[in-house]
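Here is the structure:
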């Protein structure tokens with residue numbers, strides 16, 4: 001009985017989100033869905049990067065590479081099973097199974113890539129780690145670009161349009177639930193300890209490298225999920241979608257929202273996505289604006305908008321605000 | 001054997017360039033413990049500054065030695081100034097903050113330079129803005145649009161590559177039965193070595209160099225001993241940036257294609273060279289640069305050139321795993 005209740009509790013976010021997402025999908029006009037999916041993908045990316053950059057305090061700037069691994073894996077799978085229908089199931093259900101399997105496979109492979117990159121690089125700290133993740137990110141992209149089976153520089157096209165608001169929304173919920181639960185767990189405490197003081201954490205018996213690698217792997221897996229979702233909306237998967245610029249976008253979102261704040265990442269990702277949609281004509285200024293934003297933010301408010309706090313920490317108490325005493329601002 | 005010698009020559013000539021850029025990283029790291037991500041972009045700005053000076057002087061039409069020297073001086077002044085400004089505006093206000101803050105700022109500065117240089121020229125931007133305003137029914141006064149028409153129409157250069165004019169005629173020699181060496185290789189090697197020897201003298205034989213090493217050893221104590229720490233750090237940035245500008249011109253001589261993101265790869269690789277040699281160590285940066293240049297040329301020559309860009313990162317990973325302090329670096333003990 002208790003077990004069933006606990007299961008229901010952990011499923012609750014999904015059960016609540018599902019009808020809402022479904023309603024949004026029905027109501028939203030067609031040209032809005034791409035914005036909504038992009039926004040969802042960006043939220044997944046920002047929240048997952050926040051696990052490494054925010055919780056563990058390790059500065060990784062190669063997130064796009066893991067996104068690429070997930071995207072290519074998922075794309076290859078859906079392309080291979082495009083014309084296959086699972087026996088005894090309606091077409092829609094069969095497609096859903098294929099897509100879900102493709103996304104999970106993408107997450108797994110991205111996690112493996114995260115492990116391969118994380119084990120050597122997470123012995124490093126700060127600036128070294130940043131430059132190594134950047135290097136690995138570029139290496140992964142160059143490898144993809146030179147692999148003929150993955151379409152080389154032109155990439156893969158003709159992907160089935162599986163990504164919808166519902167799929168992306170569920171992905172967002174899964175990512176946020178993961179991040180929340182991770183933060184509140186023993187593992188999360190270990191990561192926060194590493195962020196606050198790595199030497200002290202190690203002295204207290206925290207296996208710093210181990211926890212950092214685990215955080216990195218989790219983060220990479222969810223980046224892979226975001227990649228899989230994105231390419232099945234754009235219906236195209238090219239190496240150019242996963243350059244350094246994409247990684248930087250995510251970094252800007254995390255830094256802007258506040259490293260360590262999940263709601264901060266969500267708000268920043270959503271706002272930036274919409275802002276860019278409005279400023280379509282100013283595409284050439286996009287990176288200039290991002291970089292200026294980074295510099296000005298660091299000079300004026302280095303903690304980002306929310307710092308390590310969450311949105312509800314700012315609400316007044318009668319609205320459910322809980323300003324936790326122990327939280328570092 | 002001839003092939004090996006050829007790769008050796010190419011490797012040394014590439015290696016000296018990496019060494020020049022790596023010196024900037026290593027010196028700045030020495031005094032600030034900061035990886036100046038924007039260093040590769042300072043190198044890019046050096047190439048463009050040289051390009052603008054060369055175009056203004058008409059080097060294509062009539063190259064002379066005097067003009068070549070002026071181009072060098074122009075690039076050195078521009079990069080030195082840029083280095084000074086970057087340190088003053090972006091890094092100094094953050095010096096007391098956590099290092100991650102400065103790192104993010106450095107990345108921001110790097111992207112600002114790369115993408116700022118990819119914007120269309122100011123005149124074209126102003127024209128676009130005017131057209132947009134007119135579209136919204138805003139009337140731009142005539143004196144303003146006349147003034148806007150005087151904005152530079154070649155700066156920022158935009159994303160299309162430019163070609164650096166040849167400062168002097170290229171002469172190819174064949175020595176030792178088949179090894180090709182051009183006068184560019186020789187000049188570039190001589191200039192690079194001259195600058196490195198000069199740097200060595202500055203660092204180890206002058207008051208400024210002594211102060212720099214003192215700041216690098218312990219900035220707080222150096223300050224207590226009456227060393228003007230801020231001025232020394234500024235000077236270090238200027239020195240490193242000037243070397244990057246020189247490196248850019250030496251490269252532009254033999255590889256004349258320049259564009260706003262040309263600094264990204266050399267910057268990263270030179271950083272690897274600095275880490276390989278031991279970041280913070282001046283001779284280490286030279287050694288690392290040479291090692292990286294030779295390694296790249298040998299691997300590209302004997303296996304496949306598509307592995308060229310991977311070598312640097314492979315080297316970085318191996319060094320960081322086996323000997324994180326680099327070949328000539330000091331082992332630092334973490335204190336609590």
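Protein chains in written order, with the working numbering: chain A, 1 to 329; chain B, 1 to 336. Ideal Cβ placement from N, Cα and C applies to all residues, glycine included. A quick note: this is a predicted structure, and the numbers were derived from the prediction, not measured.
Residue 175 (chain B) sits in a strand when the DSSP states are folded into three classes. Per the C-alpha coordinates, the member of A:212, A:254 and A:295 positioned closest to residue 112 (chain B) is A:295. Taking C-beta atoms as the reference points, residue 41 (chain A) and residue 168 (chain A) count as a pair closer than 8 Å. Taking the CA atoms as reference points, residue 58 (chain B) sits about 49 Å from residue 220 (chain B). The stretch 246 to 310 of chain B is shown to contain whole alpha helix (DSSP H) runs of 4 or more residues at 264 to 277 and 282 to 302, in chain order. If you look at residue 278 (chain A), you'll find it in the alpha helix (DSSP H) that goes 262 to 278. Assigned with DSSP and collapsed to three states, residue 132 (chain A) falls in helix. Beta-bridge analysis with DSSP links residue 162 (chain B) to B:258. For residue 39 (chain B) and residue 117 (chain B), the gap between their C-alpha atoms comes out near 15 Å. Here the alpha carbons of residue 224 (chain B) and residue 289 (chain B) stand approximately 35 Å from one another. Per DSSP, reduced to three states, the secondary structure at residue 157 (chain A) is strand. In the displayed model, residue 182 (chain B) falls within a strand according to three-state DSSP.
Interface with chain A (8 Å Cβ-Cβ cutoff): residue 233 (chain B) is excluded.
Contact of residue 128 (chain A) with chain B by beta-carbon distance below 7 Å involves 320.
Take residue 266 (chain A), set aside five residues on each side of it, and the residues of its chain with a beta-carbon closer than 6 Å to its own are 43, in chain order. Residue 241 (chain A) has a beta carbon lying at 8 Å or more from every beta carbon in chain B. Under the three-state reduction of DSSP, residue 122 (chain A) is assigned to coil, being neither helix nor strand. As for any alpha helix (DSSP H) of minimum length 4 sitting wholly inside the stretch 186 to 217 of chain B, the runs are 207 to 217, ordered along the chain. Remark: three or more beta-carbon pairs, one from each stretch, lie closer than 8 Å, so the stretch 79 to 89 of chain B and the stretch 231 to 245 of chain B are flagged as touching.
Closest in alpha carbon position to residue 259 (chain B), among B:37, B:156 and B:131, is B:156.
Taking a beta-carbon distance threshold of 8 Å, residue 135 (chain A) counts as an interface residue toward chain B.
Judged by DSSP in its simplified three-state form, residue 321 (chain B) adopts helix. Not flagged as an interface residue toward chain B: residue 219 (chain A), since no C-beta distance is shorter than 8 Å. Neighbours of residue 291 (chain A) in chain B, taken as residues at a C-beta separation under 7 Å, are given in chain order as 108, 111, 112 and 115. If you draw a straight line from the Cα of residue 285 (chain A) to the Cα of residue 292 (chain A), it comes to about 10 Å. Rounded to whole angstroms, the gap between the alpha carbons of residue 309 (chain B) and residue 296 (chain B) is 8 Å. Under the three-state reduction of DSSP output, residue 236 (chain A) falls in the strand class. The distance from the Cβ of residue 234 (chain B) to that of residue 88 (chain B) is about 7 Å, consistent with a contact at the 8 Å cut-off. Residue nearest to residue 102 (chain B) within the set A:220, A:308 and A:299 is A:299 (criterion: CA-CA distance). Between residue 250 (chain A) and chain B, the shortest Cβ-Cβ separation is not below 8 Å. The criterion of a C-beta distance shorter than 8 Å is not satisfied by residue 212 (chain B) and residue 322 (chain B). Within the stretch 84 to 103 of chain B, contact with chain A at the beta-carbon level (separation under 7 Å) is assigned to 90, 93, 94, 97, 99, 100, 101 and 103. Around the C-beta of residue 58 (chain A), 16 or more other C-beta atoms lie within 10 Å, and the residue is accordingly described as buried.
When the Cα atoms are used, residue 190 (chain B) and residue 268 (chain B) turn out to be separated by approximately 24 Å. Here residue 1 (chain B) is exposed, its C-beta having fewer than 16 other C-beta atoms within 10 Å. Excluding five sequence positions before and after residue 153 (chain B), the CB atoms of its chain that fall closer than 6 Å to its own CB belong to 121 and 123, given in chain order.
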